[in-house]
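Engineer: Structure provided below as structure tokens; questions to follow.
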Amino acid sequence: MEQDEESKSLSRRDFLKAALVAGVGLALASCDKSVPTPSLPTGPTPSGPPIYRDPTRPFEERVNDLVGRMTIDEKISQMGSVAPAIERLGIPQYNWWNEAGHGVARAGLATVFPQVIGMASTWNPDLILSMAKVTSDEGRAKHHEAVRAGVRDLYTGLTFFCPNINIFRDSRWGRGQETYGEDPYLTSRLAVNFIRGLQGDDPRYLKTVATAKHFAAYSGPDDQRHYFNAVVSQRDLRMTYLPAFRACITEAKAYSIMGAYNEVNGEACCASPTLLQKILRGEWGFDGYVVADCGAVDDIFTNHRLAKSEAEAVAMAVKAGCDLECGCTYNLPCDYGRLSTAIQQGLVTEDDINRSVKRLFMARFRLGMFDPDNQVSYAQIPFSVVDSPEHREMALEVARQSLVLLKNEGNLLPLDKGKIASIAVIGPNADDTLVLSGNYLGSPAAPVSVLAGIRALVPPDTRVNYARGSDILDSSHDGFNEAVQAAKSSQVAVVVVGLSQQLEGEAGQQEGNPAGVVSLGDRTDLDLTQVQEELLEAIYATGKPVIMVLINGSALSINWASKHIPAILEAWYPGQAGGTAVAEALFGLTNPGGRLPVTFYQSISDLPAFDNYSMENRTYRYFTGQPLYTFGFGLSYTTFAYRNLQVVPETGRSGEPVSVQVEIENTGQLPGDEVVQLYLKDVEASLPVPQLQLQGFSRISLAPGARQTVKFSLTAEQMSFADEDGKWVLEPGEFKVWVGGQQPNLKAGSQPANVLEGRFTIQA
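In our numbering, the protein residues as written are 13 to 776.
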């Protein structure tokens, strides 16, 4: 029996992974066509003219009227990601599953932005807001174009399963590339604006629905997610794993949230009274709908073994507040199809079903799906916006701002293209356009590789010597001689190495890889592959100046390169315009100003066990070792000076804000961007707290000699910490505050020149 159930579960997940990459061509149908369920008695149907068809009536009245006219079987049929048409009521089919983390994904032509980890390295919430507006414009335009063509399939809807706001607590996690990094505050600020850009600002209609995922404490190991129990202290839960979700719900008003596969402290996330009732709806006042990750409802019984039967599992999920199940297709029925059985067994009531179905239809009404297009401004967005020149320029600007300069010994960069007669471009990622996009990707019209970007930028008489050198994984050295000769015959060598979706990604992922190649998922070490390391060393041995460009989605332990290679540029998976952005930075048309959203460790031995969800010795907030590159680090082609730090008041009362301001001057010869960062430490806390916490940042642009004063306000909430029961406490005592272009060095007797330190005291 157990083996049969496990086989069934594996088959289900395999099918879902196929669905991830099959796109709109996958044959879909409603879940109730595949699940034989007993017909149930129906309640009274409202009489009179249908209120739900009247656009002048309040949404709540219309939703209540419509749901009141549906049979119980019809209601249940609407709780799967493929919701069938109910023709007698004029309800069209709708597929809830769509993706748009860094551009509309899996639905053909779209503007493809840098992978989310690259978006995070911009440290620019305003830019993320603009990028999300572009994405939602394209999502709206593509949806209405599909509807006009009679297509209502997978990846054509207006409900996007993004952003991924899980904390990138461990560099091995293959899906960390989809996140905004390791810090709760940075994640919150960027995700809030992303959601605002997706959902729009119309007082009546939603532009699209954003789905904050995966709720909660989900960050690997990915191959264990279907049965893993994340044991998390209340302090870590409240201070690390939940803050971004709270901000997305209470500030950005995200209308949807996705439950994770795993358990948290013994409760399946998609059937957790603690997460879905007590915290999400009780504490945060969430009034949207909850969707289960694809196949997660099945896991409650099949893998977590938290229910005695499949019917009890679906009842647990619905009663906890999980309204929608993802993963229903023609060949794979919804688990929620078993709700009919659960009702007959007294495990769930029709009122429970009504509550969920009303939440789902409220979303569809708020999206304007039951109103004339001429009354919904978002429905007027033309299809011509997709891949428009303005959107291409936005993709380029995000890529520009995502670049992080990690090293620039002897000011090797920027290169003077007027003085470079020959340049070698080497490496497995140099002439690859697929690697630019990461996972959950759209189809860009004209992606630009690093090689193509350099060729387009240098003068016609500059010789560009290209050699692939090696593959990402294959250990063959067959291409080394060609690469070495390319370097020897050039003035400078650009070596483009890193990772790809072959090496990091979601468990079972094929997307973003050559046909038939499945991602290895989570990484087992933090190094470059051995063949890439050897290629880099071979090029360095030629004696030519070497610039290393990294294309990757997570931190790398590039210890040898950090010591020997004079210039290192982190480009992440930079999207369709990545090659252009990299070339511009190399030749000084732009000045890199991005900052790391994650810590680069020296070794995998710096990390605790992967399945240990304690934050002890994890991320810059708790790591006590010496990192290779710190969270928040990034260089520039110019220099900045910090002066006149003011902290007011120096002694304040509990609950009152503290103002911090500083003056920054561009003291170099080139214009550039500086990311001003504020870090806070509670010096006298009675319980363990982070050794350092980002609590403010601002990306500014300064011309040479220009000055700007940047102001921050620290709230009582930012000075508080969670106790052992997860309750927030603000204790009187001393606080340290640092403001600068990087995080402070807590082990040094003095701070870097671009970091200033202040103090203040809070009295009871």
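Don't be surprised by glycine CBs; every beta carbon is placed ideally from N, CA and C.
1. Please give the ranges of any beta strand (DSSP E) in the stretch 543-567, keeping only runs that are unbroken, at least 3 residues long and fully inside the region.
2. Quick check on Ile438: does DSSP put it in helix, strand or coil?
3. Across the stretch 388-403 and the stretch 429-441, are there enough close Cβ pairs to call them in contact, namely three or more that are closer than 8 Å?
4. Just the C-alpha distance for Met406 and Met143, rounded to the nearest angstrom, thanks.
5. Grab the span of the beta strand (DSSP E) containing Ala224 for me, first residue to last.
6. Would you kindly work out how many angstroms separate the C-alpha atoms of Gly520 and Leu532, rounded to a whole number?
7. Going by DSSP in three states, Asn766 sits in which element: helix, strand or coil?
8. How many Å lie between Phe298 and His156 at the Cα?
9. From what residue to what residue does the alpha helix (DSSP H) around Ile355 run?
10. Curious, which full-length alpha helix (DSSP H) runs of at least 4 residues does the stretch 90-157 contain?
11. Start and end of the alpha helix (DSSP H) containing Ala498?
12. Just how far apart, CA to CA, sit Val496 and Thr474?
13. Looking only at C-alpha atoms, which of Val660, Leu101, Val204 sits nearest to Asp138?
14. Assign Glu150 to buried or exposed, taking buried as 16 or more other Cβ atoms, counted over all protein chains shown, within 10 Å of its Cβ.
15. Is the Cβ-Cβ distance between Leu538 and Leu568 less than 8 Å?
16. Rank Thr147, Ser183, Lys145, Gln638 by C-alpha distance to the C-alpha of Lys790 and give the top, closest one.
17. Assign Val852 to buried or exposed, taking buried as 16 or more other Cβ atoms, counted over all protein chains shown, within 10 Å of its Cβ.
18. Do you know offhand how far Pro609's Cα is from Asp66's?
19. Hey, which unbroken runs of the beta strand (DSSP E) at 3 residues or more fall wholly within the stretch 251-276?
20. Can you have a look at Asn178 and say buried or exposed, based on whether 16 or more other CB atoms are within 10 angstroms of its CB?
21. Using C-beta distances below 6 Å, list every residue in its chain close to Ile712, excluding the 5 sequence neighbours before and after it, in chain order.
22. For a test of the three-state rule: what should DSSP assign to Glu409, helix, strand or coil?
23. Following the continuous alpha helix (DSSP H) through Phe724, name the residue where it begins and the one where it ends.
24. Which value, in whole angstroms, describes the spacing of the CA atoms of Thr168 and Arg187?
25. When DSSP labels each residue in this structure, what does Val36 get in the three-state scheme?
26. Starting from Ser713, trace the beta strand (DSSP E) in both directions and tell me its first and last residue.
27. Rounding to the nearest angstrom, what Cα-Cα distance links Val508 and Ser710 in this structure?
28. Just tell me which of Ala280, Asn477, Asp486 has its CA closest to the CA of Ala7.
29. With H, G and I counted as helix, E and B as strand and the rest as coil, what does DSSP make of Leu581?
30. Would you say His114 and Gly587 are within 8 Å of each other, going by their C-beta atoms?
31. So, at 6 Å on beta carbons, what are the nonlocal neighbours of Glu324 in its own chain, with the 5 sequence-adjacent residues on each side left out?
32. To the nearest angstrom, how far is it from the Cα of Asn629 to the Cα of Ala621?
33. Going by Cα to Cα distance, which pick from Thr223, Ile312, Met91 is closest to Leu340?
34. Do the stretch 670-679 and the stretch 452-460 touch if we need at least three Cβ pairs shorter than 8 Å?
35. Excluding the 5 residues flanking Arg421 on each side, which residues of the same chain have their C-beta closer than 8 Å to its C-beta?
36. Just confirm the distance between the C-beta atoms of Phe71 and Phe377, as a whole number of angstroms; I'd bet it's less than 8 Å.
Structural biologist: Reading it off the structure:
1. With a minimum length of 3 residues, the continuous beta strand (DSSP E) runs that stay inside the stretch 543-567 are 558-563.
2. It is a strand residue.
3. Cβ pair count under 8 Å is below three, so no.
4. Cα-Cα distance, rounded: 7 Å.
5. Run containing Ala224: 221-227, per the beta strand (DSSP E) assignment.
6. When rounded, the distance between both Cα atoms is 8 Å.
7. Reduced to three states, the DSSP call for Asn766 is coil.
8. Each residue's CA atom was taken as its position, placing Phe298 and His156 some 28 Å apart.
9. Counting along the chain, the alpha helix (DSSP H) containing Ile355 begins and ends at 351-356.
10. Fully contained in the stretch 90-157 are the following alpha helix (DSSP H) runs of length 4 or more, in chain order: 128-132.
11. First-last of the alpha helix (DSSP H) with Ala498: 492-500.
12. Annotation: Val496 to Thr474 spans about 19 Å, alpha carbon to alpha carbon.
13. Per the Cα distances, Val204.
14. So Glu150 counts as buried.
15. Closer than 8 Å, so yes.
16. Any answer about residue 790 is impossible in this case: the structure gives the chain only from 13 up to 776.
17. Residue coverage of the chain in this structure runs from 13 to 776, which leaves residue 852 outside it and unanswerable.
18. If you draw a straight line from the Cα of Pro609 to the Cα of Asp66, it is about 48 Å long.
19. Entirely contained in the stretch 251-276, the beta strand (DSSP E) runs reaching 3 residues are, in chain order, 268-271.
20. It counts as buried.
21. Correct list, in chain order: Glu686, Gln720.
22. Glu409: helix per DSSP, three-state reduction.
23. For Phe724, no alpha helix (DSSP H) segment is defined; the enclosing uninterrupted segment is the beta strand (DSSP E) at 719-726.
24. Approximately 24 Å between the Cα atoms of the pair.
25. At Val36 the pLDDT is 35, less than 50, meaning the model places this residue with poor confidence; the figure from the coordinates comes in the next sentence. It is helical.
26. First-last of the beta strand (DSSP E) with Ser713: 705-714.
27. Answer to the nearest angstrom: the Cα atoms are 30 Å apart.
28. This structure does not reach residue 7, given that the chain is present from 13 up to 776, and the question cannot be answered.
29. Residue state, collapsed to three classes: strand.
30. The answer is yes: Cβ separation under 8 Å.
31. Residues of the same chain with a CB within less than 6 Å of the CB of Glu324, apart from the 5 flanking positions on each side, are Leu359 in chain order.
32. When rounded, the distance between both Cα atoms is 11 Å.
33. Checking the sequence shown, residue 340 turns out to be Cys, not Leu. Among Thr223, Ile312, Met91, the Cα nearest to that of Cys340 is on Met91.
34. No contact exists between the stretch 670-679 and the stretch 452-460.
35. The sequence as given places Glu at residue 421; Arg does not occur at that position. So the qualifying residues of the chain are Pro578, Ala579.
36. About 5 Å; that satisfies the 8 Å criterion.
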